[in-house]
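Asker: First residue of the sequence shown? That's 9 in the numbering used here, and the numbers climb one at a time after it. All C-beta atoms in this analysis are idealised placements derived from N, C-alpha and C, irrespective of residue type, glycine included. Keep in mind that this is a model prediction, so the values were computed, not measured.
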Amino acid sequence: AIAMMSAYSSFLLIWDKLTWYGAQSYCRRDFTDLASISSSADNSGAQAFLPAAITAWIGLSRTTWTWSDKNQSTFRNWQNGEPMKLDKNCALIDTDLQSRWVEESCSETLPFLCYTDDEQTAGGFN
9 AIAMMSAYSS
19 FLLIWDKLTW
29 YGAQSYCRRD
39 FTDLASISSS
49 ADNSGAQAFL
59 PAAITAWIGL
69 SRTTWTWSDK
79 NQSTFRNWQN
89 GEPMKLDKNC
99 ALIDTDLQSR
109 WVEESCSETL
119 PFLCYTDDEQ
129 TAGGFN
């Protein structure tokens, strides 16, 4: 199932569980990219949109924690103590932690947030 977040910023939750790289490929093939959350308002919107008790990939990964779509935003909403694990190079949003971000191994399989700038495409998944 896929859902749309809002009219101004079309985030889509994809329930299929994929690795971070699989999710990135899926989003790039069918939409635009994994979601960039570039402001507190975006993060609050994602929190309001996502169901309770879910973790989902977002488009942030490292070597230097950059966005998949090359968004230059420096906004970060890490959970306290994150990021710190050198073997966990991809970020997820966790609604159990007030939608703070946690680093995770990129090979874990999780639902994920895609972004689309095509309102007709996004609207078809309401």
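Please say whether phenylalanine 83 and serine 57 have beta carbons closer to each other than 8 Å?
Answerer: Looking at the sequence shown, residue 57 is not serine but phenylalanine. Not closer than 8 Å, so no.
Asker: I need the straight-line Cα distance from cysteine 114 to serine 52, nearest angstrom please.
Answerer: Approximately 24 Å, taken between the alpha carbons.
Asker: Rounding to the nearest angstrom, what Cα-Cα distance links leucine 21 and leucine 94 in this structure?
Answerer: Going by the C-alpha atoms only, they are around 27 Å apart.
Asker: Could you pull out every residue in the same chain whose Cβ sits closer than 6 Å to the Cβ of asparagine 97, ignoring the five residues on either side in sequence?
Answerer: Only Ser69, Arg70, Cys114 meet the Cβ criterion.
Asker: Output the distance between the C-alpha atoms of tryptophan 73 and alanine 61, rounded to the nearest integer angstrom.
Answerer: Roughly 25 Å between the two C-alpha positions.
Asker: Can you check which of these residues, Leu121, Arg108, Ser44, Gln55, is closest to glycine 89 by C-alpha distance?
Answerer: Here the closest residue by C-alpha is Arg108.
Asker: List the whole-angstrom C-beta distance separating alanine 54 from leucine 100, where the pair is believed to meet the contact cut-off of C-beta under 8 Å.
Answerer: At roughly 11 Å, the Cβ-Cβ gap does not stay under 8 Å, so alanine 54 and leucine 100 are not in contact.
Asker: Let me know if glutamine 32 comes out buried or exposed under the rule of 16 or more other beta-carbons within 10 Å of its beta-carbon.
Answerer: So glutamine 32 ends up on the buried side.
Asker: Is DSSP giving aspartate 95 helix, strand or coil here?
Answerer: Looking at aspartate 95 - three-state DSSP - the assignment turns out to be coil, as it is neither helix nor strand.
Asker: Could you check which residue in Gln106, Asp102, Ile66 has the C-alpha nearest to that of threonine 27?
Answerer: Nearest of Gln106, Asp102, Ile66 to threonine 27, Cα basis: Ile66.
Asker: Leucine 118 by DSSP, collapsed to three states: which one?
Answerer: Looking at leucine 118 - three-state DSSP - the assignment turns out to be strand.
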